[in-house]
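Be aware that the sequence shown starts at 1, since it is given in the UniProt record's numbering, and climbs by one per residue. We put the CB at the ideal spot given by N, CA and C, even for glycine.
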Amino acid sequence: MKFINPYFIAVTTLLAVSCTSQKETSSLKDVYKDDFYIGTALSADQIEEKDAKEDSLICKEFNAITAENIMKSMFIHPQKDKYDFALADKFVAFGEKNKMFIHGHTLIWHSQLAPWMEKIKDSTEMKAFMKDHITTIVTKYKGRINSWDVVNEALNEDGTLRKSVFLNTLGERYLVDAYKLAAAADPKVDLYYNDYNLEDTAKREGVIRLVKKIKAAGGKIDGIGSQAHWKLNSPSIEEIEKSILAYSALGVKVAFTELDITVLPNPWDLKGADVNQNFENNAKMNPYPKSLPDSVQNKLAQRYAAIFKLFLKHKDKISRVTFWGVHDGQSWLNDWPIKGRTNYPLLFDAKLQPKKAYNSVMEIKAVKE
Ligand code: XIL
């Protein structure tokens, strides 16, 4: 008989039950289980399960996952004839193992494009690229990925279409084409349009026009994802509510897909989340390098409470609320729009401890809706 190391059995059993073995305290996903999915973005290291503590926190608190980077075109399709699915396969396997809702991010986006894609110069080449890229990726995970961001950030702040290699080569038909190709590859998967600043009037009107156009041209679109990279004071709860109502009136689901709340100053009054904008760091711009003062910690908790109260009010329209990262230490907002700052935008601190903001989001559910 082949000798099986008992230690190996113990370790693999432990790994296999990592999500179910932690019932001792309640968690975000349990408390909100009847309302909407509670998701998180996963870094490459988290997908590879490099830190057991982080992975057990992910399992305990969240029931939906999005890959923070590894499904973007530069990683998944680095060369014209080469796809790299190694990490995407692990990401999907992680979600399946832990019975999570799995969201795909993102098929068509002007940022984090593979260099070869930027050089596509005419409509014939672009049509061939879109067909190959969308069909290959969506088909590969057909029936396993639950929803896709088909197009990410196609709009300018005034609601017009953003200039990109897609718009330049194909004109606005690229949008309808993208949704048709995705639906053909997996007719059952939910297809989203995802963007930031979707609570601003002009951009909101732009999204509404875009969804109507896609539907009128026979495309299938099931949801709108508001990235929700927000600040302590904006957008207002009223504007967020107007957007929820306006989007759901289109007959699509509403998701908050990349929620975080910056607490750091922004003298340039930078709006939105254009990943290509970067500024220099200095002490004034990085006021809390060691810890967040109680006063700001409390403001963050109040802001999260107000937001989740609104989400609960409209839970019938909201499919998913996903945070852009598990804990403050991994947040992209430590490096954007200024590199090397210390930001505190999430519910868990860099030591994986729940913050006041976490308690306030949990307590909202204790109050009768
Ligand atoms: C960010 C990631 O968090 C960073 O690690 C990366 O360097 C840049 O992209 N809108 C999106 C996300 O749709 O994909 C972006 O994620 C944040 C803004």
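Which same chain residues, not among the five before or five after residue i, have their C-beta less than 8 Å away from its C-beta?
i, result
"L155", "L161, R162, D195, K203, G206, V207 and L210"
"D122", "T169"
"N359", "A301"
"L57", "V326, H327, F348 and L352"
"S331", "D260, W324, G325, N343, P345 and L346"
"V367", "none"
In this structure, does DSSP put residue i in helix, strand or coil?
i, result
"K53", "helix"
"T12", "Low confidence applies here, because T12 scores a pLDDT of 40, under 50, leaving its location unreliable; read the following figure in that light. T12: helix per DSSP, three-state reduction."
"E157", "coil"
"N197", "coil"
"F323", "strand"
"Y192", "strand"
"F101", "strand"
"L113", "coil"
"N298", "helix"
"D149", "strand"
"W230", "strand"
"I338", "strand"
"I208", "helix"
"E48", "coil"
"residue 420", "Summary: the structure shown does not reach residue 420, with the chain confined to residues 1 through 369, and so no result is reported for it."
"I4", "Residue placement at I4 is poorly supported in this model, since its pLDDT is 42, which falls under 50; the coordinates are not used for a value here."
Which partner residues does residue i have in the DSSP bridge list?
i, result
"Q79", "K82"
"F348", "P354"
"A41", "T66"
"K253", "G223"
"L259", "F323"
"I108", "V151"
"I318", "V254"
Between the options, which has its C-alpha nearest residue i's C-alpha?
i, options, result
"I108", "V165, D328 and D84", "V165"
"H314", "Y344, K365, V367 and V254", "V254"
"H103", "L250, A114, G143 and N282", "G143"
"V146", "G223, L175, K82 and A86", "The residue you asked about is not Val; residue 146 is Asn in the sequence shown. Ranking the options by Cα distance to N146, first place goes to G223."
"D177", "M100, T135, K53 and I244", "T135"
"K140", "H110, F101 and A86", "A86"
"F75", "D89, F62 and A64", "D89"
"S234", "N69, K299, E172 and A216", "K299"
"M100", "A246, K72, Q79 and K29", "K29"
"N266", "E118, G159, D316 and P337", "P337"
"K284", "R341, I214 and V31", "R341"
"L245", "N276, H229, I221 and D316", "D316"
Quick one: residues in its chain with C-beta nearer than 6 Å to the C-beta of residue i, no 5 flanking neighbours on either side, listed in chain order?
i, result
"W324", "A41, E258 and D260"
"I364", "A305, F308 and K309"
"V361", "Y304 and F308"
"Y174", "F166"
"T12", "Unreliable positioning characterises T12 in this predicted model, as indicated by a pLDDT of 40, which lies under 50. The coordinate reading is nonetheless provided below. Nothing listed; no residue qualifies."
"G219", "V176, Y179 and K180"
"R320", "F36, Y37, G39, A64 and A255"
"Q297", "K356"
"V138", "A182, A185 and D186"
For residue i, which residues from the same chain have a beta carbon less than 7 Å from its beta carbon, with the 5 sequence-adjacent residues on both sides left out?
i, result
"R303", "L232 and I261"
"Q227", "N194, D195, Y196, T257, E258 and A273"
"I120", "M126, F129, V165 and T169"
Would you say residue i lies against chain B (beta-carbon separation less than 8 Å)?
i, result
"H327", "Among the protein chains of the structure shown there is no chain B, as only one such chain exists."
ask   = Counting pairs of Cβ atoms below 8 Å between the stretch 353-364 and the stretch 43-55, do you hit three or more?
value = no
request  = Check whether the stretch 307-314 touches the stretch 229-242, counting contact only when three or more Cβ pairs, one atom from each stretch, lie closer than 8 Å.
outcome  = yes
task = Please confirm if the stretch 128-135 is in contact with the stretch 172-183, defined as three or more CB-CB distances below 8 Å between the two stretches.
result = yes
key: Given 8 Å, three or more beta-carbon pairs between the stretch 117-128 and the stretch 89-102   = no
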